[in-house]
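Heads up: the sequence lines are chains A and X, in that order.
Read in order, the letters of the first sequence are residues 476 to 834 in the working numbering.
Read in order, the letters of the second sequence are residues 120 to 386 in the working numbering.
Glycine residues also receive a C-beta, built at the ideal position from the N, C-alpha and C atoms.
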Amino acid sequence: MGLVATVAARAGELQLDAALTAEGGRPVALIGANAAGKTTLLRCLAGLQRPDRGRIQVDGEVWFDSDSRVDRPAHRRDVGVVPQHGVLFPHLDVAGNVAYGLRASRTSRQEARRRTAAALERFGLAHLAQRTPEALSGGERQRVALARATVLEPALLLLDEPLSALDAASRAAVRTSLRELLGERRAATVLVTHDARDALELAAHAVVLEAGQVVQEGPPAELAQRPRSAPVAALMGQNWLAGTAAARDGDLWTVEAGELRILAVGDAQEPPHLGERAYVLVDPRDVTLHREHPEGSAQNVVHAAVASVVDAGGALRVTLDSVPALVVEITTRAAAQLGVSTGCRLYASFKATAARAFA
Amino acid sequence: MSARMPRLTPVRAVVAAACALAAAFVTLPLIVLITHTSPSALLDAAHDPVVLDALRVSLVTTAISLGIVVLVGTPLATALARGRFPGRTLLDALVGLPLVLPPVVAGLALLLAFSPTGPLGSALSPLGVRVPLTEAAVVLAQCFVAGPFYVYAVSAGLIAVDPAVEEMATTLRAGPWHVFRTVTLPLIRPAVAYGAVLSGARALGEFGATITVAGNLQGRTQTMPTAIYIAFERDPEGAVALAVILAVVSFVLLLGVRGLHLARAAI
């Protein structure tokens with residue numbers, strides 16, 4: 476049951492060639508940089524774009540199969556789509572938007588009214604039922620889009636970066652709605668995102684798309700801990716420092732990466748080989764920042780200037796201009812205490828046990 | 120709240136002058152026209168069977184023309200706005216041709232095409248259909264000259280509709296026809312109303328092509344514009360009364376459409 480799909484399609488310069496499965500009740504996050512083919516894949520699943528080749532099957536029903544020339548039009552697919560910008564019907568009020576799919580599928584008037592009311596209630600929209608979309612905030616619009624897509628209880632729910640167009644405050648509210656929704660859903664869900672936190676928090680499985688190809692997949696936490704490539708590490712918000720394995724002392728490796736000499740624990744499964752290319756993975760949350768050279772047990776200390784500071788919803792991601800660049804995640808409060816700002820020079824430190832070296 | 124008088128800059132002076140000129144240019148002749156006639160002359164004209172016939176022919180043929188223009192013009196506008204087919208640009212130019220063609224030339228071309236010896240007329244005559252000098256010819260002439268106004272207005276309205284909104288509807292179980300009825304049409308309603316008003320007004324006022332291809336038979340093909348023209352040659356005072364009646368009818372129709380539109384918007 477759920478979604479089983481292989482899709483080959485062209486999207487501008489990009490050749491998408493990806494396989495995707497999503498079991499019911501286990502939301503899949505589709506992660507990738509811009510123009511990696513995520514939206515194209517979603518459009519193919521929804522029936523808004525025709526793949527060149529492939530097969531799309533949902534709950535045992537074939538929606539598309541290039542071999543047997545099956546291509547169900549979008550309106551005959553049991554699908555729900557939540558786009559990035561909501562895309563509400565401007566001429567209908569909130570209730571009209573939510574009820575649209577029920578009316579189009581000829582649900583009885585009474586039942587449509589009942590289900591619409593339930594969906595409005597569920598997403599906290601009951602008091603906005605008579606409003607027009609232009610009178611709503613971004614977060615409210617996105618909740619209407621969620622209610623509209625899910626009121627039909629589709630066999631496949633497709634969410635295309637539903638949080639990325641929102642400001643921090645409404646993002647938190649919509650994220651909560653989304654988490655509750657996905658927790659209850661028993662059917663297949665695909666969530667497109669470029670934010671690792673969405674994947675970690677909302678999905679049971681993650682698929683990383685890079686230039687139209689699936690480069691890695693697995694549980695989101697595993698992807699964060701064991702990325703297989705720099706792009707995956709970057710998408711999962713991890714530091715991925717590439718260098719050479721220079722020395723070894725038991726389990727402890729010294730990796731020379733750019734200007735940095737990093738002391739790291741060798742990976743149990745794929746330890747580095749002396750003198751060969753090695754990678755060090757460091758979680759930005761395991762790195763601390765200091766004004767003065769830190770005393771204590773941290774074996775790795777980097778002195779560098781702050782290149783950029785980005786709000787990551789409750790925390791700040793600070794990028795240092797070391798070579799290679801090191802990303803540090805600290806709480807907003809810690810940042811305020813330290814007085815972190817672009818250009819100021821700080822010490823970053825992390826323990827060897829927080830760094831993992833592998834081949 | 121009192122709006123402060125904006126400072127008069129050269130640009131504002133030019134804009135203000137243009138506005139005043141345009142307003143005067145449109146209203147002054149109409150005022151002269153209306154003041155030129157007397158209530159008694161109007162009353163006489165309103166009882167004149169020739170005028171009543173012409174008014175009836177005008178209203179009936181305009182209604183039929185507008186119906187045809189909407190029925191054929193809406194799909195045509197969809198093709199022009201959305202279609203991806205070879206010759207779309209050419210079709211777009213062809214649709215606009217009647218706008219630049221002098222109506223008399225259009226009437227002559229229609230007359231030749233539909234005359235019993237013409238290519239279309241000879242095809243129709245075995246069926247017992249004769250177009251020139253009939254009500255059908257009036258409708259034909261009106262559709263020819265008034266159609267492009269509707270098609271271009273609706274096509275512009277369609278281009279302004281975000282395709283993502285229609286796509287959204289298809290993911291919500293709406294088939295193509297349902298999407299058109301419940302999403303596209305409501306979104307282009309202002310463009311449709313605007314196009315219908317322009318097109319209807321043009322059809323109601325059509326003269327050159329009508330008199331050429333349909334002639335001037337009272338009660339059959341004599342419309343208000345042709346009646347005004349004929350009257351003007353014999354009795355200029357009577358023509359003025361006719362003109363006032365036509366102007367008033369046009370104005371009432373415009374208000375009616377606006378009222379209808381506002382009522383729709385209020386629902």
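Taking the alpha helix (DSSP H) that Ala681/A belongs to, which residues open and close that run?
By one-based count along the first sequence, residue 681/A stands at place 206. Where Ala681/A is concerned, there is no enclosing alpha helix (DSSP H), although the beta strand (DSSP E) it sits in stretches over His680 to Glu685.
Would you give the residue range spanned by the alpha helix (DSSP H) that Val189/X belongs to?
Position 70 of the second sequence, counted from the start, is the residue given in the question as residue 189/X. Counting along the chain, the alpha helix (DSSP H) containing Val189/X begins and ends at Pro168 to Arg201.
Which of the residues in the region 569-581 of chain A, read from start to end, lie with their CB under 9 angstroms from any CB of chain X?
Tyr575, Gly576, Leu577, Arg578, Ala579, Ser580 and Arg581
Relative to the C-alpha of Arg606/A, which residue among Thr625/A, Val573/A, Glu586/A and Asp568/A is closest?
Your numbering for residue 606/A matches position 131 in the first sequence. Taking only the C-alpha atoms, the option nearest Arg606/A is Asp568/A.
Taking any Cβ of chain X, which residues in the region 515-539 of chain A have a Cβ under 7 angstroms from it, in chain order?
Ala521 and Leu523
Between the region 525-539 of chain A and the region 650-661 of chain A, are three or more C-beta pairs nearer than 8 angstroms?
no
Which ranges would you report for the alpha helix (DSSP H) in the region 780-824 of chain A if only whole runs of at least 4 residues count?
807-813
Could one say the Cβ of Leu365/X lies closer than 7 angstroms to chain A's Cβ atoms, at least one of them?
Position 246 of the second sequence, counted from the start, is the residue given in the question as residue 365/X. Output row for Leu365/X: interface = no.
Cβ pair Gly836/A, Gly522/A closer than 7 angstroms:
Examination of residue 836/A is not possible in this model, given that chain A is present from 476 through 834 alone.
Roughly how many whole angstroms lie between the Cα atoms of Ser772/A and Lys826/A?
Here residue 772/A refers to the residue found at position 297 of the first sequence. Here residue 826/A refers to the residue found at position 351 of the first sequence. Their backbone Cα atoms lie some 7 angstroms apart in a straight line.
Between the C-alpha atoms of Arg752/A and Thr729/A, what's the straight-line distance to the nearest angstrom?
Here residue 752/A refers to the residue found at position 277 of the first sequence. Here residue 729/A refers to the residue found at position 254 of the first sequence. Answer to the nearest angstrom: the Cα atoms are 12 angstroms apart.
In angstroms, rounded to a whole number, what distance separates the CA positions of Val258/X and Gly338/X?
To locate residue 258/X, count along the second sequence from 1; it is residue 139. To locate residue 338/X, count along the second sequence from 1; it is residue 219. The alpha-carbon atoms of Val258/X and Gly338/X are separated by roughly 14 angstroms.
Val682/A to Val690/A span [Cα, whole Å]
Within the first sequence, the letter at position 207 stands for residue 682/A. Within the first sequence, the letter at position 215 stands for residue 690/A. Near 8 angstroms, if we compare the C-alpha coordinates of Val690/A and Val682/A.
Complete beta strand (DSSP E) runs within the region 693-768 of chain A (minimum length 3 residues, chain order)
714-724, 727-732, 735-741, 752-757 and 763-765
Of the residues Pro629/A, His765/A, Gly613/A and Thr668/A, the one placed nearest Ala648/A, counting alpha carbons only:
Translated into the one-based positions of the first sequence, residue 648/A becomes position 173. Looking at the Cα atoms, Gly613/A is the closest of the given residues.
By Cβ distance below 7 angstroms, which residues in the same chain neighbour Ile153/X in space, the five residues on each side in sequence not counted?
In the second sequence, the residue the question calls residue 153/X occupies position 34. These residues qualify, in order along the chain: Val363.
Take Thr712/A and list the residues in its own chain whose beta-carbon comes closer than 6 angstroms to its own, dropping the five residues that flank it on each side.
As a first step, residue 712/A must be located in the first sequence, where it is residue number 237. Reading off the sequence shown, one finds Gly at residue 712/A, where the question assumed Thr. Once the five neighbours on either side are set aside, the close Cβ partners of Gly712/A are Ala671.
In this structure, how does DSSP classify Val482/A when only helix, strand and coil are distinguished?
Counting from 1 along the first sequence, the entry for residue 482/A is found at position 7. It is a strand residue.
Could you check where the alpha helix (DSSP H) with Arg654/A kicks off and where it finishes?
Position 179 of the first sequence, counted from the first residue, corresponds to residue 654/A. Per DSSP, Arg654/A belongs to the alpha helix (DSSP H) from Ala643 to Glu659.
What residues in its chain sit with their C-beta under 7 angstroms from that of Ala293/X, if we drop five residues either side in the sequence?
For this step, residue 293/X is matched to residue 174 along the second sequence. So the qualifying residues of the chain are Thr301.
Leaving out five residues on either side along the sequence, give the residues of the same chain with a beta carbon under 8 angstroms from the beta carbon of Ala173/X.
What you label residue 173/X is simply residue 54 of the second sequence in a count that begins at 1. If we look at Ala173/X and ignore the five residues flanking it on each side, its Cβ neighbours are Gln337, Gln341, Thr342, Met343, Thr345, Ala346 and Leu361.
At 4 residues or longer, what runs of the alpha helix (DSSP H) sit wholly inside the region 552-611 of chain A?
569-579 and 584-597
Ala790/A and Gly818/A - do their beta-carbons sit closer together than 7 angstroms?
Start at 1 with the first residue of the first sequence, and residue 818/A comes out as number 343. Start at 1 with the first residue of the first sequence, and residue 790/A comes out as number 315. Cβ distance not < 7 angstroms, so Gly818/A and Ala790/A don't count as in contact.
Using the beta-carbon of each residue, which ones in chain A are nearer than 9 angstroms to Gly294/X?
Residue 294/X sits at position 175 when you count from the first residue of the second sequence. By Cβ distance, chain A contributes Pro548, His550, Arg551 and Ala579.
Interface flag, Ala287/X vs chain A, CB-CB below 7 angstroms:
Reading the second sequence from its first residue, position 168 is the one you call residue 287/X. According to the sequence provided, residue 287/X is Met. The question's Ala does not apply to it. Output row for Met287/X: interface = yes.
Apart from the five residues just before and just after Pro629/A, which ones in its own chain have a Cβ nearer than 6 angstroms to its Cβ?
In the first sequence, residue 629/A corresponds to position 154, counting from 1. Counting only Cβ-Cβ distances below 6 angstroms, and skipping sequence neighbours, we find Asp553, Val554 and Gly555.
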